[in-house]
Each structure stands twice: as structure tokens, then as C-alpha cells.
Amino acid sequence: MERIIRIFTDGSAIGNPGPGGWGAVVIEGKKRREMSGAYPWTNISEMELLAAVEALRSIPTGSRIELYSDSELLIHGMRGFVFRWQSQGWRNRRGAALQHRDLWLQLLQLNLELRVRWKWLRGHNGHPWQSRADALAYGAARSLAVPQRMAA
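Going left to right, the sequence shown walks through residues 6 to 157 as my numbering numbers them.
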């Protein structure tokens with residue numbers, strides 16, 4: 006029986022926009038792998054998408070994946086909205102250009118190469134792996150955050 010790889014992702018941006026980070030926990034059987042990264046100026050949507058891109062890039066082609074995220078944008082996007090946006094010239098319902106098109110294109114390609122089931126989890130619900138992905142993302146963002154100067 007083929008094993009399912011479970012991925013838990015999250016993104017964070019301090020100030021939104023501001024310093025941001027992404028985190029992912031990859032569970033394959035009894036093995037756990039953690040990943041994270043940081044960017045000096047970004048927003049939470051970009052970090053949520055990038056967490057999924059980076060985690061999926063680390064998985065062998067043809068693998069069976071369940072990807073969990075608290076980002077409704079990511080999950081609803083990959084469950085169908087992205088195809089509508091693509092057919093509308095990468096514009097949303099209001100006709101505005103879709104943000105982070107490059108990441109959506111990467112997600113579409115990875116979705117073709119892997120067998121991904123996109124699953125939504127309520128954020129901050131106490132799920133241990135989702136909480137860990139959140140901590141990784143926030144920690145990465147904090148690593149770039151500049152402390153505010155105290156007023157003299």
C-alpha cells in the first residue's frame with residue numbers, strides 16, 4: 006500500500022507587509038522533516054503560498070500528498086479558483102491582476118507532478134503539526150524583524 010505524505014504549512018508576516026516567514030512540517034511514516042525560510046519584505050499571502058511551493062518541491066514526483074493549511078486562499082485557490090483566474094487572464098472577479106501569479110503557476114505545475122489533496126485546517130486549533138508549522142513561520146519572520154527603538 007502506498008504511503009501518504011502529510012505536509013502542514015503556514016506563513017507569517019510581521020506588520021503585513023513586513024518581514025515574513027514560511028514554515029512546513031513534512032510527515033512521511035514515522036519520519037518528520039521541518040523546513041522554513043524568511044524574506045525581509047513580504048505579506049502573509051505570499052508566505053502561505055511559498056510554504057506550499059517549497060514543501061512540495063522537496064517531495065519526489067508522483068508521490069501521494071495531503072497538504073494541510075489554515076490559508077483559505079491557498080486551499081480554495083488550489084481546489085478550483087486558480088483555474089478560473091487562469092481562464093480570466095490571471096485576473097480576479099473584480100478584474101484586478103492576481104497577486105503572486107508566479108507562485109500560483111508553480112503550485113499548478115507541482116499539482117500536476119504530485120498527487121496533492123488540498124485540506125483546510127482551522128488556524129490555532131491546537132493541532133501539533135500545524136502549530137509547529139506556525140512556530141517555524143513566525144520564528145523565521147522574527148529572525149528578520151528589527152526591534153523598535155525605545156523612545157528616549
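Glycine is no exception: its CB is placed at the ideal position from the N, C-alpha and C atoms.
### Message
Ignoring anything shorter than 4 residues, give me the alpha helix (DSSP H) runs that lie fully in the stretch 42-71, in order along the chain.
### Response
49-62
#### Entry: Check whether L55 and V121 have beta carbons under 9 Å apart
Contact: no.
### Message
Considering just the uninterrupted stretch of the beta strand (DSSP E) at E15, what are its terminal residues?
### Response
The amino acid at residue 15 is misidentified as Glu; the sequence shows Asp. That run of the beta strand (DSSP E) goes 9-18.
### Query
Tell me, which residues are paired with A102 by DSSP?
R96
### Message
Is it buried or exposed, H129, if we count other Cβ atoms within 10 angstroms and call 16 or more buried?
### Response
Exposed is the call here.
### Task
Whole angstroms is fine: what's the gap from H105's alpha carbon to I9's?
For the pair H105 and I9, the Cα-to-Cα distance works out to about 28 Å.
### Query
Shortest alpha-carbon distance to W109 belongs to which of R89, P133, G100, W125?
R89
### Query
What residues match up with K35 in a beta bridge as DSSP calls it?
Note: K35 sits in no beta bridge, so no partner.
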